[in-house]
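Visitor: Numbered according to the numbering used here, the sequence shown spans residues 8 to 962.
Beta carbons: idealized from backbone N, C-alpha and C, even for Gly.
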Amino acid sequence: MRKIILPFILLFITSAWSQELITGLVQDETGVPLAGVSIAVENSSKGTTTDFDGIYEIEVEMGETLVFSYVGFDTMKRKVTSSGKLNVVLQSGIALDDVVVVGSRNPARTTVNSPVPIDVIDVQELISTGPQVNLNQILNYVAPSFTSNTQTIADGTDHVDPASLRGLGPDQILVLINGKRRHTSSLININGSFGRGSVGTDLNAIPSASIKRIEVLRDGAAAQYGSDAIAGVINIVLNTSVNKLSINATTGANFSRHAQGQEGGVDGETTNISANYGIGLGDRGGYINFTGDFDYRDSYNRMKEFEGSIFNGYNAVERVANADGYDISNLFTDVDAIKQYGDQVSYFSPEMKNNIQNATTIEDLQGLLGDNVTEDELIARSQNRSDYNMRVGQSELRGGRFFANFSLPVDDQGTELYSFAGISSRTGGAAGFYRLPNQSRTYTPAYINGFLPEINSKIKDKSISVGIKGMVNEWNVDFSNTWGQNSFLYEIDNTSNTSMLNASPSLFDAGGFSFTQNTTNLDLNHFYDNVFEGLNVAFGGEYRFEKYDIIAGEEASYVQYDVNGAVITNINQQPPVDFFGNSRPGGSQVFPGFRPENEVSRERSSIAGYVDLEADITEKLLLTFATRFENYSDFGSTINFKLSSLYKLNDNFNLRGAASTGFRAPSLHQLNFNSTSTIFADNGDPVEVGTFSNNSRVAELLGIPELKEEESQSVSAGFTAKIPSANLSFTLDGFFVRIEDRVIYTGRFAGPGTGSEIDVLLAQANAEEAAFFANAIDTETKGFDLVITQKASFNDKIQLKNDLSAAVSVTRQVGDIHASQVLEDAGQVDTYFSESSRIYLEKAVPRVKVNFSNLLSSGKYTVFLRNVFFGEVTEAANNLDQQDDYSPKIVTDLSFGYQLTSSLNMSVGANNLFDVYPDRAQEDNRSSGRFDWSRSAQQFGIGGRFLYARLRLDL
Numbered sequence: 008m009r010k011i012i013l014p015f016i017l018l019f020i021t022s023a024w025s026q027e028l029i030t031g032l033v034q035d036e037t038g039v040p041l042a043g044v045s046i047a048v049e050n051s052s053k054g055t056t057t058d059f060d061g062i063y064e065i066e067v068e069m070g071e072t073l074v075f076s077y078v079g080f081d082t083m084k085r086k087v088t089s090s091g092k093l094n095v096v097l098q099s100g101i102a103l104d105d106v107v108v109v110g111s112r113n114p115a116r117t118t119v120n121s122p123v124p125i126d127v128i129d130v131q132e133l134i135s136t137g138p139q140v141n142l143n144q145i146l147n148y149v150a151p152s153f154t155s156n157t158q159t160i161a162d163g164t165d166h167v168d169p170a171s172l173r174g175l176g177p178d179q180i181l182v183l184i185n186g187k188r189r190h191t192s193s194l195i196n197i198n199g200s201f202g203r204g205s206v207g208t209d210l211n212a213i214p215s216a217s218i219k220r221i222e223v224l225r226d227g228a229a230a231q232y233g234s235d236a237i238a239g240v241i242n243i244v245l246n247t248s249v250n251k252l253s254i255n256a257t258t259g260a261n262f263s264r265h266a267q268g269q270e271g272g273v274d275g276e277t278t279n280i281s282a283n284y285g286i287g288l289g290d291r292g293g294y295i296n297f298t299g300d301f302d303y304r305d306s307y308n309r310m311k312e313f314e315g316s317i318f319n320g321y322n323a324v325e326r327v328a329n330a331d332g333y334d335i336s337n338l339f340t341d342v343d344a345i346k347q348y349g350d351q352v353s354y355f356s357p358e359m360k361n362n363i364q365n366a367t368t369i370e371d372l373q374g375l376l377g378d379n380v381t382e383d384e385l386i387a388r389s390q391n392r393s394d395y396n397m398r399v400g401q402s403e404l405r406g407g408r409f410f411a412n413f414s415l416p417v418d419d420q421g422t423e424l425y426s427f428a429g430i431s432s433r434t435g436g437a438a439g440f441y442r443l444p445n446q447s448r449t450y451t452p453a454y455i456n457g458f459l460p461e462i463n464s465k466i467k468d469k470s471i472s473v474g475i476k477g478m479v480n481e482w483n484v485d486f487s488n489t490w491g492q493n494s495f496l497y498e499i500d501n502t503s504n505t506s507m508l509n510a511s512p513s514l515f516d517a518g519g520f521s522f523t524q525n526t527t528n529l530d531l532n533h534f535y536d537n538v539f540e541g542l543n544v545a546f547g548g549e550y551r552f553e554k555y556d557i558i559a560g561e562e563a564s565y566v567q568y569d570v571n572g573a574v575i576t577n578i579n580q581q582p583p584v585d586f587f588g589n590s591r592p593g594g595s596q597v598f599p600g601f602r603p604e605n606e607v608s609r610e611r612s613s614i615a616g617y618v619d620l621e622a623d624i625t626e627k628l629l630l631t632f633a634t635r636f637e638n639y640s641d642f643g644s645t646i647n648f649k650l651s652s653l654y655k656l657n658d659n660f661n662l663r664g665a666a667s668t669g670f671r672a673p674s675l676h677q678l679n680f681n682s683t684s685t686i687f688a689d690n691g692d693p694v695e696v697g698t699f700s701n702n703s704r705v706a707e708l709l710g711i712p713e714l715k716e717e718e719s720q721s722v723s724a725g726f727t728a729k730i731p732s733a734n735l736s737f738t739l740d741g742f743f744v745r746i747e748d749r750v751i752y753t754g755r756f757a758g759p760g761t762g763s764e765i766d767v768l769l770a771q772a773n774a775e776e777a778a779f780f781a782n783a784i785d786t787e788t789k790g791f792d793l794v795i796t797q798k799a800s801f802n803d804k805i806q807l808k809n810d811l812s813a814a815v816s817v818t819r820q821v822g823d824i825h826a827s828q829v830l831e832d833a834g835q836v837d838t839y840f841s842e843s844s845r846i847y848l849e850k851a852v853p854r855v856k857v858n859f860s861n862l863l864s865s866g867k868y869t870v871f872l873r874n875v876f877f878g879e880v881t882e883a884a885n886n887l888d889q890q891d892d893y894s895p896k897i898v899t900d901l902s903f904g905y906q907l908t909s910s911l912n913m914s915v916g917a918n919n920l921f922d923v924y925p926d927r928a929q930e931d932n933r934s935s936g937r938f939d940w941s942r943s944a945q946q947f948g949i950g951g952r953f954l955y956a957r958l959r960l961d962l
């Protein structure tokens, strides 16, 4: 027995003696300790991080190399040649050298050595120097491949900005927080905006002050991360700072020549206040970091005045009768009263008055009083055309957010408990089309001057992730569970259900929807330093549960009542009519509520397993391979692959490329959303459009097939280069993405109007036309991304950082439209995928964006200058003559910062310094003066110059 035990004792002692405990301090160039610096033993899985005092300790063998990496600093390697202390000073460097979480499961992989393009964005720097404070706009102005703009007159989309990466859809971007899948919004975009028919992630539910950096993977990654990652992945890395209180207060407004309804002045006032504080936990670098913020955004209006018809002759008679105390709810059938008050309309000609007096029936009077009398009636009412304006511009928003990020190492072997959680609540206020007095949608006895209906939103978002990671038999193991929920409820105000006449309330609960997602992950990886020049093996599994709910509104928000006040349930019941015999529509005007028939509570689950291999075949050649199998409970299985490679020509020049397949499962929203909403056609005429699920009877009658997954194939190739002597780096990557069976929101199908089954089903849904989600087309997207970064130091105090980035992305629909034989026989293929849908897909957002930013730091002063080139966009119209092209524009941002004290910084600046606007719309697209600038094709918004001031306090 002693002979057996002795060799093991000797082996243990020899191993212990070969390990040296290295301790040290990591600082920046100014001597400030750096907390959270990653320290890894090269070609091994061993590593640690510095605590909040910049101190670290790690056991290594003599001759091993330590790799020190930290966001915003050059990575440094130091070989261990003696025991004891090893202090390190990191030099400020370029973001391309950052160690990243996304795109690779090798814990030491940097962006320069990644086989796919990754942007690393320092959010803390941007919220200190740039004018934008919400996450969508920060990314819109700093990442050319990313596009997001505030929408207008688009129902719920006014409150949640859709976003795009490489010109693909909002639902083709996967968003992670700290490497964990983020849930999507419960809102599906169905109105006139880019991303129509898709579901995105509400990035503005995350306070920007809670973010350390953002990693943008610009490459298909479904084989690594699963559904949605066709365009790429955005990974948000939360703040880990400790013992530091940071308070930001930012306020600003639009100072623009087109503010205040194009009169010029100030509007769109915005205020954001945020606070971040972290507490160190234990003596191993643990922390808990808290962020809270509150913001308020006022609405603005860029409509000058309505130029269309507002009043007819009957409205003039109503005005006179109402002023005399007559109950005008009885006027539309009272021939004698109409004669009496018609004779008192001052601007009616003697001939007109004589004809009115000679009329004997309502039908006679209808023919006389239908003429447009807007100009005379405005004078009679002492009004202006601008009194009938819509609110064309950003919606009003008020909200608060709270996020926490937690990590607690529990032993010296790297075992760590971690968690992050967030909650946000926002209320929004937007408006729809003005309901004019001469429309049957306006019950003039209640609203004699018409009304501007308001869509108010209540958006709540909650999430929490909990996990544990550590070493098990030399394998890195990470087990986690992430839960998130988003809800969106509608409250419609200053409106009416005109079929209720005087009994209608003005405020309606229209219902809403919610989406819940729970994801459980187990991830393992191990680095083998003795296989090739290093092999990282990762594998894992995922179980995801999703639930989508639609909640009905109150009855009056969705039903149409008949003349007796009963709910209309069949075509034989007659609704109330206006003076001209037009039916009074039901439901709350601007946004009819969800009906009980719309209510759904749908669930599904998916399971997945993946393998991810990275091999440094030689010191110059990196090869990676990933595959992922996924099975969905509601549509089946898929398996995808990804191959990528990087070849180092020398220390400063790398070639890289990747090829992958991918998929996107149709969302529960697309599978189950159904409702009726008011859509305005290109000419401004309102239409009640029912969105029906693909398993509905209406879909069956029209030959609309069941939804299935989108499938993609992606290829990218490029290079990275550095010129160390000039502190210059650049990357160039070209890409090609083909998506088959892409889900779109169809055009609108009308029934034949013959009392057919389709007509009856539309009537039951209070709809005139029908639309669906369908796998209607295939698309190809191609383009390239360029990133150049340079940093110069003129002396110890003056530094200049320059960033030039450009993105070109062109999407085209290819091949035939995937229409059923029923649609082909009916000649409805062009309705299935309409011309406006094609423009939304291909040309409604800039295909070219270029960003050139400069940050000059000199002692207490900073100057930030940024110019962004937004390429051409096209009006999304079905009529080819209305497809205006809007020319490229350059938007300039400029800000100045000054360090008042060691803890207090002030900055002032401008977004869109020169008050640039997109091209004005042609007359056919202005909708009688409603839209002087396009609402369907958004380059950078229509707010104009935004001036701001910010105070930052660091304690």
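(1) Shortest alpha-carbon distance to Glu-498 belongs to which of Tyr-395, Asn-445, Ser-564, Asp-740?
(2) Measuring only the C-alpha atoms, how far is Leu-620 from Tyr-441?
(3) Taking the alpha-carbon of Gly-271 as reference, which of Gly-950, Arg-959, Gln-401 has the nearest alpha-carbon?
(4) Have a look at the DSSP bridge pairing and note the partners of Val-249.
(5) In chain order, what residues of the same chain have a beta carbon less than 6 angstroms from the beta carbon of Ser-152, not counting five sequence neighbours either side?
(6) Rounded to whole angstroms, what is the Cα-Cα separation between Asn-659 and Arg-85?
(7) Using 8 angstroms as the cut-off, can you tell me whether the stretch 887 to 907 makes contact with the stretch 214 to 234, which would need three or more C-beta pairs spanning the two stretches below that distance?
(8) Under the three-state reduction of DSSP, which class applies to Asn-605: helix, strand or coil?
(9) At what residues does the beta strand (DSSP E) containing Tyr-303 begin and finish?
(10) To the nearest angstrom, how far is it from the Cα of Val-327 to the Cα of Gln-373?
(11) Per DSSP, which residues does Thr-531 bridge with? Please list them.
(12) Taking the beta carbon of Phe-586 as the centre, do at least 16 other beta carbons fall within 10 Å, making it buried, or is it exposed?
(13) Is Arg-433 closer than 7 angstroms to Ile-462 when the C-beta atoms are compared?
(14) Using three-state DSSP, classify Ala-884 as helix, strand or coil.
(15) Hey, quick one: how far does the beta strand (DSSP E) through Ile-46 stretch, first residue to last?
(16) Residues bridged to Gln-267 by DSSP?
(17) Which residues does DSSP list as the beta-bridge partners of Tyr-924?
(18) Using the Cα positions of Glu-553 and Ala-672, report the straight-line distance between them to the nearest angstrom.
(19) Could you check the C-alpha separation between Asp-837 and Ala-783 for me, to the nearest Å?
(20) Could you tell me whether the stretch 774 to 790 touches the stretch 749 to 766, where touching means 3 or more Cβ pairs closer than 8 angstroms?
(21) Using a Cβ-Cβ cutoff of less than 7 angstroms, which residues in the same chain neighbour Tyr-639 once the five nearest sequence positions on both sides are dropped?
(22) For Gln-131, which of helix, strand or coil comes out of DSSP?
(23) Phe-938: which of Met-397, Val-127, Ala-884 sits nearest, CA to CA?
(24) Round the Cβ separation of Ile-243 and Leu-181 to the nearest angstrom and send it over; I've been treating them as touching at under 8 angstroms.
(25) Which runs of the beta strand (DSSP E) spanning at least 3 residues fall entirely within the stretch 434 to 521, listed in chain order?
(26) Assign Asn-319 to one of three DSSP states: helix, strand, or coil.
(27) Does the distance from the C-beta atom of Lys-649 to that of Ser-674 stay below 7 angstroms?
(28) If you compare alpha carbons, which of Asn-456, Asp-378, Glu-370, Ser-472 is closest to Leu-411?
(29) Kindly indicate which residue of Gln-567, Gln-945, Phe-522 has the alpha-carbon position closest to the one of Asp-209.
(30) Between which two residues does the alpha helix (DSSP H) containing Asp-209 stretch?
(31) If we count the other Cβ atoms within 10 Å of its Cβ and call it buried at 16 or more, is Glu-707 buried or exposed?
(32) Taking the alpha-carbon of Tyr-924 as reference, which of Ala-229, Pro-177, Lys-850, Asn-261 has the nearest alpha-carbon?
(33) Would you identify the three-state DSSP class for Tyr-617, choosing helix, strand or coil?
(34) Taking Thr-489 as the reference, give the member of Thr-818, Ala-545, Glu-549, Ala-944 with the closest Cα.
(35) Under three-state DSSP, which class holds Lys-346?
(36) Rounding to the nearest angstrom, what Cα-Cα distance links Ile-824 and Ser-719 in this structure?
Guide: This is what the structure gives:
(1) Working through the sequence shown from its first residue, we reach residue 498 at position 491. Glu-498 has its Cα closest to that of Ser-564, out of Tyr-395, Asn-445, Ser-564, Asp-740.
(2) The sequence position of residue 620 within the sequence shown is 613, counting from 1. The sequence position of residue 441 within the sequence shown is 434, counting from 1. The C-alpha of Tyr-441 is placed about 59 angstroms away from the C-alpha of Leu-620.
(3) Walking along the sequence shown from the start, residue 271 turns up at place 264. That would be Gly-950, whose Cα lies nearest to the Cα of Gly-271.
(4) Here residue 249 refers to the residue found at position 242 when the sequence shown is read from its first residue. None, per the DSSP bridge assignment.
(5) As a working note, residue 152 is residue 145 in the sequence shown. Within the same chain, Ser-152 has close Cβ partners Leu-172, Arg-173, Arg-225, Asp-792, Ala-814.
(6) The residue labelled residue 659 in the question sits at position 652 within the sequence shown. The residue labelled residue 85 in the question sits at position 78 within the sequence shown. Taking the straight line joining both Cα atoms gives about 20 angstroms.
(7) no
(8) By 1-based counting over the sequence shown, the position of residue 605 is 598. Residue state for Asn-605 is assigned as helix, using DSSP reduced to three classes.
(9) Taking the sequence shown and counting its residues from 1, one reaches residue 303 at position 296. From DSSP, the beta strand (DSSP E) with Tyr-303 extends over 293 to 304.
(10) Here residue 327 is taken as the residue at index 320 of the sequence shown, counted from 1. Here residue 373 is taken as the residue at index 366 of the sequence shown, counted from 1. Between Val-327 and Gln-373, the alpha-carbon positions lie close to 17 angstroms from each other.
(11) Within the sequence shown, residue 531 is the residue found at index 524, counting from 1. The residue you asked about is not Thr; residue 531 is Leu in the sequence shown. In the DSSP output, where bridge partners are listed per residue, Leu-531 has Val-484, Phe-546.
(12) Translated into the one-based positions of the sequence shown, residue 586 becomes position 579. It counts as buried.
(13) Your numbering for residue 462 matches position 455 in the sequence shown. Your numbering for residue 433 matches position 426 in the sequence shown. The answer is no: Cβ separation not under 7 angstroms.
(14) Numbered from its first residue, the sequence shown carries residue 884 at position 877. DSSP places Ala-884 in coil when its eight states are reduced to three.
(15) Numbered from its first residue, the sequence shown carries residue 46 at position 39. Per DSSP, Ile-46 belongs to the beta strand (DSSP E) from 45 to 48.
(16) As a first step, residue 267 is located in the sequence shown; it is residue number 260 there, counting from the start. Bridge partners of Gln-267: none, in fact.
(17) Residue 924 sits at position 917 when you count from the first residue of the sequence shown. DSSP, once it has assigned bridges, lists no residue as partnering Tyr-924.
(18) For the purposes of this step, residue 553 is taken as the residue at position 546 of the sequence shown. For the purposes of this step, residue 672 is taken as the residue at position 665 of the sequence shown. Spanning the two alpha carbons is a distance of roughly 12 angstroms.
(19) Translated into positions along the sequence shown, residue 837 becomes position 830. Translated into positions along the sequence shown, residue 783 becomes position 776. The straight-line gap from Cα to Cα measures roughly 11 angstroms.
(20) Judged by Cβ distances under 8 angstroms, the stretch 774 to 790 makes contact with the stretch 749 to 766, as three or more pairs qualify.
(21) Stepping through the sequence shown from its first residue, residue 639 is reached at position 632. Within the same chain, Tyr-639 has close Cβ partners Arg-611, Ser-613, Ala-672.
(22) By one-based count along the sequence shown, residue 131 stands at place 124. Three-state DSSP puts Gln-131 in a helix.
(23) By 1-based counting over the sequence shown, the position of residue 938 is 931. Out of Met-397, Val-127, Ala-884, Met-397 has the C-alpha closest to the C-alpha of Phe-938.
(24) What you label residue 243 is simply residue 236 of the sequence shown in a count that begins at 1. What you label residue 181 is simply residue 174 of the sequence shown in a count that begins at 1. In this structure, Ile-243 and Leu-181 do not form a Cβ contact; the two beta carbons are roughly 12 angstroms apart against a cut-off of 8 angstroms.
(25) Within the stretch 434 to 521, the complete beta strand (DSSP E) runs of at least 3 residues are 461 to 479, 482 to 500.
(26) On the sequence shown, position 312 is the one that residue 319 refers to. Three-state DSSP puts Asn-319 in a strand.
(27) Working through the sequence shown from its first residue, we reach residue 649 at position 642. Working through the sequence shown from its first residue, we reach residue 674 at position 667. Result no, Cβ atoms of Lys-649 and Ser-674 do not sit closer than 7 angstroms.
(28) Numbered from its first residue, the sequence shown carries residue 411 at position 404. Here residue 411 turns out to be Ala, not Leu, going by the sequence shown. Here the closest residue by C-alpha is Ser-472.
(29) Sequence index remark: in the sequence shown, residue 209 carries index 202 (1-based). In terms of CA proximity to Asp-209, Phe-522 leads the group Gln-567, Gln-945, Phe-522.
(30) Start at 1 with the first residue of the sequence shown, and residue 209 comes out as number 202. Note, Asp-209: premise wrong, no alpha helix (DSSP H); not H, not E.
(31) The count along the sequence shown starts at 1 and reaches residue 707 at position 700. By the Cβ-count criterion, Glu-707 is exposed, with fewer than 16 other Cβ atoms from all chains shown falling within 10 Å of its own Cβ.
(32) Within the sequence shown, numbered from 1, the residue matching residue 924 stands at position 917. Residue Asn-261 is the option with its Cα nearest to Tyr-924.
(33) Position 610 of the sequence shown, counted from the start, is the residue given in the question as residue 617. Three-state result, Tyr-617: strand.
(34) Here residue 489 refers to the residue found at position 482 when the sequence shown is read from its first residue. Taking only the C-alpha atoms, the option nearest Thr-489 is Glu-549.
(35) Position 339 of the sequence shown holds residue 346. DSSP places Lys-346 in helix when its eight states are reduced to three.
(36) For this step, residue 824 is matched to residue 817 along the sequence shown. For this step, residue 719 is matched to residue 712 along the sequence shown. If I take the Cα positions, the gap works out to 17 angstroms.
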